[in-house]
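Asks:
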Amino acid sequence: MSLSHTTQQQQQQLALWAPFLLLHLAGPDNITAYSLEDTVLAGRQVLTVAVQIVGAAYVLYKQIYSSTAGAGSAGDALMCVSVVLFIVGVAKYVERALAMRQADLGNMRSSSKKSKLERRRFFSDVRELGNEHALLVAHDLLYITKGAFVDHLDDGHPLDREAVRSGIFRHGWKEMLKVVDMELSLMYDILYTKAAVVHTWFGYGIRALSPVISVTMLLLFWLHGKDQQRRADVFITYILMASTVFLDIRWLLRAVVSTWTYVFLIDRPCCWLHHRLPARWRVLRRFVLSLDPCRLLVKEPTWYRMWSGTIGQYNLLHECTHNTTSMFSSLVKKVASDDHWMEYEYHYSRGIHISEVIKEKLFDCIWKYMKIAYPAVPEKEGKMKGASCSASVEGVRELEEALDFLPEFQESILILHIATDVFYLCAESDQNAASSKQLVKAIKTLSDYMVFLVAVRPGMLPGLKLRSLYEATQFALEKIWSDKISSCNSTRTRERCLANILRAMEEEEGETVVKNSNSWRRGYRTRNWKPDFISKLYDSSIILSDGIKLAELMLRWLRTGYRDFRIPHTKSEKRFKQMFPELMKIMQYKMYNYPTDDKMRKLLECFFAEWVRLLINASVKCTRDSHAKQLSRGGELTSVIWILVEHAGIFRVDRGRFVA
Numbered sequence: 001m002s003l004s005h006t007t008q009q010q011q012q013q014l015a016l017w018a019p020f021l022l023l024h025l026a027g028p029d030n031i032t033a034y035s036l037e038d039t040v041l042a043g044r045q046v047l048t049v050a051v052q053i054v055g056a057a058y059v060l061y062k063q064i065y066s067s068t069a070g071a072g073s074a075g076d077a078l079m080c081v082s083v084v085l086f087i088v089g090v091a092k093y094v095e096r097a098l099a100m101r102q103a104d105l106g107n108m109r110s111s112s113k114k115s116k117l118e119r120r121r122f123f124s125d126v127r128e129l130g131n132e133h134a135l136l137v138a139h140d141l142l143y144i145t146k147g148a149f150v151d152h153l154d155d156g157h158p159l160d161r162e163a164v165r166s167g168i169f170r171h172g173w174k175e176m177l178k179v180v181d182m183e184l185s186l187m188y189d190i191l192y193t194k195a196a197v198v199h200t201w202f203g204y205g206i207r208a209l210s211p212v213i214s215v216t217m218l219l220l221f222w223l224h225g226k227d228q229q230r231r232a233d234v235f236i237t238y239i240l241m242a243s244t245v246f247l248d249i250r251w252l253l254r255a256v257v258s259t260w261t262y263v264f265l266i267d268r269p270c271c272w273l274h275h276r277l278p279a280r281w282r283v284l285r286r287f288v289l290s291l292d293p294c295r296l297l298v299k300e301p302t303w304y305r306m307w308s309g310t311i312g313q314y315n316l317l318h319e320c321t322h323n324t325t326s327m328f329s330s331l332v333k334k335v336a337s338d339d340h341w342m343e344y345e346y347h348y349s350r351g352i353h354i355s356e357v358i359k360e361k362l363f364d365c366i367w368k369y370m371k372i373a374y375p376a377v378p379e380k381e382g383k384m385k386g387a388s389c390s391a392s393v394e395g396v397r398e399l400e401e402a403l404d405f406l407p408e409f410q411e412s413i414l415i416l417h418i419a420t421d422v423f424y425l426c427a428e429s430d431q432n433a434a435s436s437k438q439l440v441k442a443i444k445t446l447s448d449y450m451v452f453l454v455a456v457r458p459g460m461l462p463g464l465k466l467r468s469l470y471e472a473t474q475f476a477l478e479k480i481w482s483d484k485i486s487s488c489n490s491t492r493t494r495e496r497c498l499a500n501i502l503r504a505m506e507e508e509e510g511e512t513v514v515k516n517s518n519s520w521r522r523g524y525r526t527r528n529w530k531p532d533f534i535s536k537l538y539d540s541s542i543i544l545s546d547g548i549k550l551a552e553l554m555l556r557w558l559r560t561g562y563r564d565f566r567i568p569h570t571k572s573e574k575r576f577k578q579m580f581p582e583l584m585k586i587m588q589y590k591m592y593n594y595p596t597d598d599k600m601r602k603l604l605e606c607f608f609a610e611w612v613r614l615l616i617n618a619s620v621k622c623t624r625d626s627h628a629k630q631l632s633r634g635g636e637l638t639s640v641i642w643i644l645v646e647h648a649g650i651f652r653v654d655r656g657r658f659v660a
């Protein structure tokens, strides 16, 4: 940077631009990191921050050192304001670095052990929980979500658990789901914005001072002589100053009306705040929000904090029998990586918004599971349990015992997905009732969503990222379809034709001879036992073979009288009882004299319950880092369910008193 051949006016202009450089590097208040990795690498940015601050300081130093009395009082005043704005720029830049450092999950865990939690009661007297009130309740219960992300829960939190149960849980899952949505959005603020440092006395001071300084600088520059300056430089300077004034005012108003500010002031020891602040703050918030032009499109100011409700869809049989890629999707595939293309294609292009009917069925079933896993306990016993440092571990163990989780997770999803599709296609004539059709749609939605996680977002599932497992299964399906497509009758759908081909292959004896019962199959950690019967389909794919076996078992139960039906005692069926306990419960029902519609509905309910069980398993066993990363991309259904389960585990769910 050379200042030796510049005029006095140009040097002053450079001195004005130096603070703007720091303000630009500091970034907006609503973005500090674009991914979780940015916060992990925050420590490495210390040197970069120092070098850039020193560079801007050097420009100011040269201007002050070379300034003369001939600059005039306006020039001196402008220089003084430049120095003050430089200090604000340094403060904001350092503030951004501190926000990224505090957003690191490791640092957050350390600080959470030292911090003292405040006692608030936003959850009391809840009749109908609106979004605004739900956001305040979320601040009260945020320690649960934060503790879940950092794997640390403060058992000494002063909240009355019985009061929370009677205030929120008595309304069932709908109100709790709204609070969980808000908590996840607040967690996003902590991880990816400056919320952790803005809402402190230091942060409020900077935001109150910044507009005053930027407006003063704009006025002084307007009054200052510009004869020796280029018109383009003057124009650029005006743009920088005007945009800085606008943004400073925006960030100030945003901070003032934020619920983070309300909670910050409520937690202060000044007693008068607790009596005078709430009503005045709400009036101010309503007034400022009414100025937001976005209110013309969206009436609810907290809409952006709610999860979108969109889930991806991926169906193996459909992928193998159809080529439905659009022209635009093909173009995206050529310029983007496979991971980005699959994310676009199966989430943004083919993803669906969960309907209210499916949402009701899904969370009713989840809430039923929560009542089984986390029944309410007497207050004394609950306190003793909460005092233990292993309370969260005990909660996970309770859930595992209640739902019979197994570690072979992606394999279970793929087997049940094949069984679900084949059963649906082969028993379609039995699904005439309207209620059955709605249940089938809910089952299909969950099934395709779980396979979407396997294929596109394996990081959101527990265990290893075994993409090779799903790829091998799809490859086997595609090969079978290409070999047998000529035998398909045009009057049948492609998926049903493929389902019948798979069923026929499962009946034919295969060519593989297993000499050793401990022989190993690639990609299958638990498959070291010899099956009772090796079919042609087993030769192609173990997962396809197991999926067809499970579907056949369900079809036989549906179409055979109970007196004539006998559960085959083979290794596969014994394994199914371990892998899919909810689905295999259907074998216990004596419905031989019931109408087919009733049997069909009962079987579909068991299918749905099994998919919900796997969804809960995926939610609670996914890594915390994966949940945190997905927050930056709009969130995920599994993250919402995970935090809902965390709340149920802490506050418990009374089976008789609280309705779903």
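For the record, in the sequence shown the residue sitting at position 383 is 383 according to UniProt numbering, with numbers rising by one throughout.
Ideal Cβ positions, reconstructed from N, Cα and C, are used throughout, including at glycine.
Keep in mind the model is a prediction, meaning the values are calculated, not measured.
1. Measure the Cβ-Cβ separation of L555 and A499 and say whether it is below 8 Å.
2. Could you pull the DSSP bridge partners for V653 from this structure?
3. Note down, in chain order, each residue of its chain lying with its Cβ closer than 8 Å to the Cβ of T216, except the 5 sequence neighbours on either side.
4. Is there at least one non-hydrogen atom of the ligand SAH closer than 7 Å to the beta-carbon of Q229?
5. If you check the beta carbons only, do S308 and G547 fall under 8 Å apart?
6. Leaving out five residues before and five after F20 in sequence, what residues of the same chain have Cβ atoms less than 6 Å from its Cβ?
7. Between the C-alpha atoms of Y93 and I206, what's the straight-line distance to the nearest angstrom?
8. Can you tell me the Cβ-Cβ gap for V150 and S112, rounded? I've got them flagged as a contact below 8 Å.
9. Apart from the five residues just before and just after A476, which ones in its own chain have a Cβ nearer than 7 Å to its Cβ?
10. Given that a residue counts as buried once 16 or more other Cβ atoms are within 10 Å of its Cβ, and exposed if not, what is M327?
11. Cβ of residue 663 within 8 Å of Cβ of F576?
12. Got a sec, what are the start and stop residues for the alpha helix (DSSP H) V263 sits in?
13. Could you check if T244 is buried or exposed, using at least 16 other CB atoms within 10 Å of its CB as the buried criterion?
14. Check whether the Cβ atoms of C606 and E573 lie closer than 8 Å to each other.
15. Rounded to whole angstroms, what is the Cα-Cα separation between K62 and A232?
16. Grab me the residues of L453's own chain with a C-beta within less than 6 Å of its C-beta, minus the 5 sequence neighbours each way, in chain order.
17. With a cut-off of 8 Å on the beta carbons, I'd call H139 and L191 a contact; round off their distance for me.
18. Need the endpoints of the alpha helix (DSSP H) that D29 sits in, please.
19. If you reduce the DSSP assignment to three classes, tell me which class T48 lands in.
20. Measure the C-alpha to C-alpha separation of M579 and S447 and round it to an integer number of angstroms.
21. Taking contact to mean at least 3 C-beta pairs separated by less than 8 Å, is the region 470-486 in contact with the region 334-353?
22. According to DSSP, simplified to helix, strand and coil, what is I352?
23. Under a Cβ-count criterion, where at least 16 other Cβ atoms within 10 Å of its own Cβ denotes burial, should A242 be classed as buried or exposed?
24. Do Q45 and V197 have their C-beta atoms closer together than 8 Å?
25. Contact defined as beta carbons within less than 8 Å: I believe I641 pairs with I616. What is the distance between those atoms, to the nearest angstrom?
26. I believe Y314 touches V440 by the beta-carbon criterion, under 8 Å. Please report the beta-carbon distance rounded to the nearest angstrom.
27. Going by C-alpha to C-alpha distance, which of E495, L291, I249 and L219 sits closest to residue 692?
28. Whole angstroms are fine: how far does the CA of A195 sit from the CA of W260?
29. Please specify which runs of the alpha helix (DSSP H), each continuous and at least 4 residues long, are wholly inside the region 317-351, giving them in chain order.
30. Around the Cβ of Q13, are there at least 16 other Cβ atoms within 10 angstroms (buried) or fewer (exposed)?
31. Relative to the C-alpha of I413, which residue among A618, R350, K359 and S487 is closest?
32. As a quick exercise: from T39, Y34, L25 and D38, pick the residue whose alpha carbon is nearest that of A50.
33. Just to confirm the assignment, what range does the alpha helix (DSSP H) spanning Y314 have?
34. For the alpha helix (DSSP H) holding Q410, just list the boundary residues, first then last.
35. Is E552 closer than 8 Å to R503 when the C-beta atoms are compared?
36. Mind reading off the beta-carbon distance from Y204 to A255? Whole number of angstroms is fine, and I expect it under 8 Å.
Replies: Put simply:
1. Sequence index remark: in the sequence shown, residue 555 carries index 555 (1-based). Sequence index remark: in the sequence shown, residue 499 carries index 499 (1-based). Cβ distance not < 8 Å, so L555 and A499 don't count as in contact.
2. Numbered from 1 along the sequence shown, position 653 holds the residue referred to as residue 653. Answer is P375, bridged to V653.
3. The residue you call residue 216 lines up with position 216 of the sequence shown. So the list reads V81, once near-sequence residues are dropped.
4. Inclusion of the ligand SAH in the displayed structure is not the case, the ligand content being empty and no account of it being possible.
5. On the sequence shown, residue 308 is found 308 positions in, with the first residue counted as 1. On the sequence shown, residue 547 is found 547 positions in, with the first residue counted as 1. Their beta carbons are not under 8 Å apart, which means S308 does not touch G547 by this criterion.
6. Here the question's residue 20 lines up with position 20 in the sequence shown. If we look at F20 and ignore the five residues flanking it on each side, its Cβ neighbours are L240.
7. As a first step, residue 93 is located in the sequence shown; it is residue number 93 there, counting from the start. As a first step, residue 206 is located in the sequence shown; it is residue number 206 there, counting from the start. Spanning the two alpha carbons is a distance of roughly 12 Å.
8. For the purposes of this step, residue 150 is identified with residue 150 of the sequence shown, where counting begins at 1. For the purposes of this step, residue 112 is identified with residue 112 of the sequence shown, where counting begins at 1. Separation of the CB atoms of V150 and S112 is rounded to 6 Å, and the pair is thereby assigned contact status at 8 Å.
9. Along the sequence shown, one-based indexing puts residue 476 at 476. Within its own chain, the residues whose Cβ lies closer than 7 Å to the Cβ of A476, once the five positions on either side in sequence are excluded, are S540, S541 and L544, listed in chain order.
10. Taking the sequence shown and counting its residues from 1, one reaches residue 327 at position 327. Exposed, because fewer than 16 other Cβ atoms sit within 10 Å of the Cβ of M327.
11. Given a span of 1 to 660 for the chain in the structure shown, any question on residue 663 remains unanswerable.
12. Within the sequence shown, numbered from 1, the residue matching residue 263 stands at position 263. T259 to I266 is the extent of the alpha helix (DSSP H) around V263.
13. Taking the first residue of the sequence shown as 1, we reach residue 244 at position 244. Burial call: buried.
14. Counting from one through the sequence shown, the residue named residue 606 turns up at place 606. Counting from one through the sequence shown, the residue named residue 573 turns up at place 573. No, the Cβ-Cβ distance between C606 and E573 is not below 8 Å.
15. Working through the sequence shown from its first residue, we reach residue 62 at position 62. Working through the sequence shown from its first residue, we reach residue 232 at position 232. Going by the C-alpha atoms only, they are around 23 Å apart.
16. Counted from its first residue, the sequence shown places residue 453 at position 453. Excluding residues within five positions, the ones whose Cβ falls inside 6 Å are M460 and L461.
17. Translated into positions along the sequence shown, residue 139 becomes position 139. Translated into positions along the sequence shown, residue 191 becomes position 191. In fact, because the Cβ distance is near 16 Å, the residues do not count as touching under 8 Å.
18. For the purposes of this step, residue 29 is taken as residue 29 along the sequence shown, with counting starting at 1. Unbroken run through D29: none, as it is neither H nor E.
19. Residue 48 sits at position 48 when you count from the first residue of the sequence shown. Taken through DSSP and simplified to helix, strand or coil, T48 comes out as helix.
20. Sequence index remark: in the sequence shown, residue 579 carries index 579 (1-based). Sequence index remark: in the sequence shown, residue 447 carries index 447 (1-based). Looking at the two C-alpha atoms, the distance is approximately 16 Å.
21. no
22. Position 352 of the sequence shown, counted from the first residue, corresponds to residue 352. Assigned with DSSP and collapsed to three states, I352 falls in strand.
23. In the sequence shown, counting from the first residue as 1, residue 242 sits at position 242. Result: exposed.
24. Here residue 45 refers to the residue found at position 45 of the sequence shown. Here residue 197 refers to the residue found at position 197 of the sequence shown. Contact: no.
25. Position 641 of the sequence shown holds residue 641. Position 616 of the sequence shown holds residue 616. That belief holds up - the Cβ atoms of I641 and I616 are roughly 6 Å apart, short of 8 Å.
26. Within the sequence shown, residue 314 is the residue found at index 314, counting from 1. Within the sequence shown, residue 440 is the residue found at index 440, counting from 1. Not confirmed; about 18 Å, so no contact.
27. No answer is possible for residue 692: it lies beyond the span of the chain, which begins at 1 and ends at 660.
28. Walking along the sequence shown from the start, residue 260 turns up at place 260. Walking along the sequence shown from the start, residue 195 turns up at place 195. Those two C-alpha atoms are separated by around 8 Å.
29. Those alpha helix (DSSP H) runs which fall completely within the region 317-351 and span 4+ residues are 327-335 and 338-343.
30. Mapped onto the sequence shown, residue 13 falls at position 13. It counts as buried.
31. Your numbering for residue 413 matches position 413 in the sequence shown. With distances taken between Cα atoms, I413 lies closest to A618.
32. Indexing the sequence shown from 1 puts residue 50 at position 50. Comparing Cα positions, the closest option is L25.
33. Position 314 of the sequence shown, counting from 1, holds the residue named residue 314. Taken as a continuous stretch (DSSP letters only), Y314 belongs to no alpha helix (DSSP H), as it is neither H nor E.
34. Mapped onto the sequence shown, residue 410 falls at position 410. Residues F409 to C426.
35. As a working mapping, residue 503 is identified with position 503 in the sequence shown. As a working mapping, residue 552 is identified with position 552 in the sequence shown. Yes.
36. One-based indexing of the sequence shown puts residue 204 at position 204. One-based indexing of the sequence shown puts residue 255 at position 255. Yes, Y204 and A255 are in contact; Cβ-Cβ is about 7 Å, under 8 Å.
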